[in-house]
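First residue of the sequence shown: 23, per this note's numbering; consecutive thereafter. We put the CB at the ideal spot given by N, CA and C, even for glycine. Everything on this sheet refers to the single structure shown next.
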Amino acid sequence: MTNTAIITGITGQDGSYLAELLLDKGYKVHGIVRRSSSIERSRLSHLYADKSIYEQRLFLHYADLEDTTTIRRIITKVEPDEFYHLAGQSHVGLSFEIPESTCELTAMCTLRILEILRDQPNPPKFLHASSREIFGTPQHSPQDENTPIHPESPYGCAKAFATQMVQIYRDTHGLFCCNTIAYNHESPRRGENFVTRKITMAAARIKLGLQNELRLGDIEAKRDWGDARDFVKAMWLTLQQDQPGDYVVASGESHSVKEFLDLAFRRVGLDWKEHVIHDDRYERPHDVTHLLGDAGKAREVLGWQPEHSFEDIVKAMVDSDMRNLQEKHG
Ligand code: G4F
23 MTNTAIITGI TGQDGSYLAE LLLDKGYKVH GIVRRSSSIE RSRLSHLYAD
73 KSIYEQRLFL HYADLEDTTT IRRIITKVEP DEFYHLAGQS HVGLSFEIPE
123 STCELTAMCT LRILEILRDQ PNPPKFLHAS SREIFGTPQH SPQDENTPIH
173 PESPYGCAKA FATQMVQIYR DTHGLFCCNT IAYNHESPRR GENFVTRKIT
223 MAAARIKLGL QNELRLGDIE AKRDWGDARD FVKAMWLTLQ QDQPGDYVVA
273 SGESHSVKEF LDLAFRRVGL DWKEHVIHDD RYERPHDVTH LLGDAGKARE
323 VLGWQPEHSF EDIVKAMVDS DMRNLQEKHG
């Protein structure tokens, strides 16, 4: 029997990799996309151009996340077995500038989808892409599923609301709904306003003479960086279990922005110290400085194993940006 899944945020980094994974596994995949999303130029363009896939096994539906009547209609029509909710405003720094729309999209829209699912005769298994930002500044390291929730950014607060609503709908309404509490995860498809992609793009552009400097905020900050392709596998595995649950997904290694800079610039034969300029505009009103996740439960229960190392990720991102820029600029 063919499984059917709905993905919100299918045009994003994680959504596009998850769509590929599910299509490989023989699923029919329905993506919900914003009216303003450019499908043509998106990370899905290779799938969109493949006539054996697009509108055969991959279907796109227009609906803004706030448009509950349309989302309800899509769910009722598609009758999915699995629902992956990845959409939302995902930039932590930006959430200090636009807290209201961040909470609307990330918190309230998750609640509205849960309400729709609760009304379905056969509700699908539901996965919410939560974030380690719900922990704020951790009191202990590494953090796991039992770490107290104490967000320190509007984004973290919105994610904490959504994460706890998922738990409430699981415990009180019996829905099979789960949280992936994800640490940072990167890839060549990462958005250009996140620090990793900003760095790899800049390293490639400086190497090719298209840019001279790179302006950054706090480069001492440390993150637990994994690979997005590994992370979407964990999401899928979470919904293949007999019991719903929440899982921290992390690489278990912590590296500073400086270390990322060092590897990325060395990959193209440059010294980052000659090009990076500190810029206060990229400092945040509050930033968590040191992150480390413990994915022990995901490893044990889901059998999840990350396949890409920190070094692999940096190299893949730099090489991809170099290739793309060389093709574009000759
Ligand atoms: O790449 P970032 O913007 O990622 P951040 O804030 O850690 O959030 C990402 O991971 C979270 C999970 O841990 C997700 F919930 C969230 O959706 C997102 O995917 O920043 C990483 C670090 C920060 O400490 C930031 O202050 O890099 C520092 N940084 C220094 N200069 C910068 C810059 N970040 C950005 N985006 N741009 C800079 O110029």
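| Query | Result |
| --- | --- |
| Beta-carbon proximity list for P19, same chain, < 7 Å, skipping 5 on both sides | As shown, the chain starts at 23 and ends at 352. That puts residue 19 outside it, with no answer to give. |
| Buried or exposed (CB count within 10 angstroms, at least 16 for buried), I299 | exposed |
| For V55, the nearest candidate out of H107, G291 and Q78 (CA to CA) | H107 |
| Option in T260, N206, N346 and L347 with minimal Cα separation from V279 | N206 |
| 8 Å contact criterion, which T260 and T169 should meet: CB distance rounded | With 8 Å as the limit, T260 and T169 do not qualify as a contact, their Cβ atoms being about 18 Å apart. |
| Continuous beta strand (DSSP E) stretch holding I228: start and end | No beta strand (DSSP E) holds I228; the alpha helix (DSSP H) holding it covers V217 to K229. |
| Simplified DSSP assignment, three categories, for I120 | coil |
| C-alpha gap between L87 and Y39, whole angstroms | 20 Å |
| Ordered list of alpha helix (DSSP H) runs contained in the segment 31–99, each at least 4 residues | 35–46 and 67–70 |
| Contact test: E220 Cβ vs ligand 1 heavy atom, cutoff 7 Å | For the sequence presented, residue 220 should be read as Lys rather than Glu. The answer is yes for K220. |
| Beta bridge counterpart(s) of L236 as assigned by DSSP | V298 |
| Counted within 10 angstroms of its Cβ, other Cβ atoms place R212 as buried (16 or more) or exposed | buried |
| Endpoints, alpha helix (DSSP H) assigned at A151 | First-last for A151: K147 to S153, but that is the beta strand (DSSP E), not the alpha helix (DSSP H). |
| Check whether S209 and R245 have beta carbons under 8 Å apart | no |
| Under the three-state DSSP convention, the category Q165 falls into | strand |
| C179 versus G31: straight-line alpha-carbon distance, rounded | 20 Å |
| Distance between P143 and A129 (C-alpha atoms, nearest Å) | 24 Å |
| Selection from S175, G315 and A224 that minimises the alpha carbon distance to H162 | G315 |
| Closer than 7 Å: H162 CB and nearest ligand 1 heavy atom | no |
| Rounded separation between V188 and H113 - CA only | 21 Å |
| I156 and P145 closer than 8 Å at C-beta | no |
| Contacts around V323, its chain only, beta-carbon distance under 8 Å, and the 5 residues preceding and following it disregarded | Q263, G267 and Y269 |
| Span separating the alpha-carbon of A272 from that of G196 | 28 Å |
| Beta-carbon gap between K340 and T222 smaller than 8 Å | As written in the sequence, residue 340 is Val, which differs from the Lys given in the question. The answer is yes: Cβ separation under 8 Å. |
| Sub-8 Å separation of A27 and L44 beta-carbons | yes |
| Distance cut-off 7 Å: D249 Cβ against heavy atoms of ligand 1 | no |
| Candidates D36, F287 and I138: closest to I96 by CA position | I138 |
| R227 vs L347 beta-carbon contact at 8 Å | yes |
| Chain-order list of residues whose beta-carbon lies under 7 Å from that of F287 (same chain, five-residue window excluded) | A225, D293 and W294 |
| Euclidean distance between Cα positions of L136 and H351 | 46 Å |
| Length at least 4, wholly inside the segment 260–343: the alpha helix (DSSP H) runs in chain order | 279–289 |
| Residues near A151 in its chain [Cβ-Cβ closer than 6 Å; skip 5 each side] | L108 and T202 |
| Distance CB(V290)-CB(M257) smaller than 8 Å | no |
| Span of the alpha helix (DSSP H), counted from its first residue to its last, around A184 | P176 to H195 |
| Under 8 Å between C-beta atoms of G318 and D166 | yes |
| Where the alpha helix (DSSP H) through E137 begins and ends | C131 to R140 |
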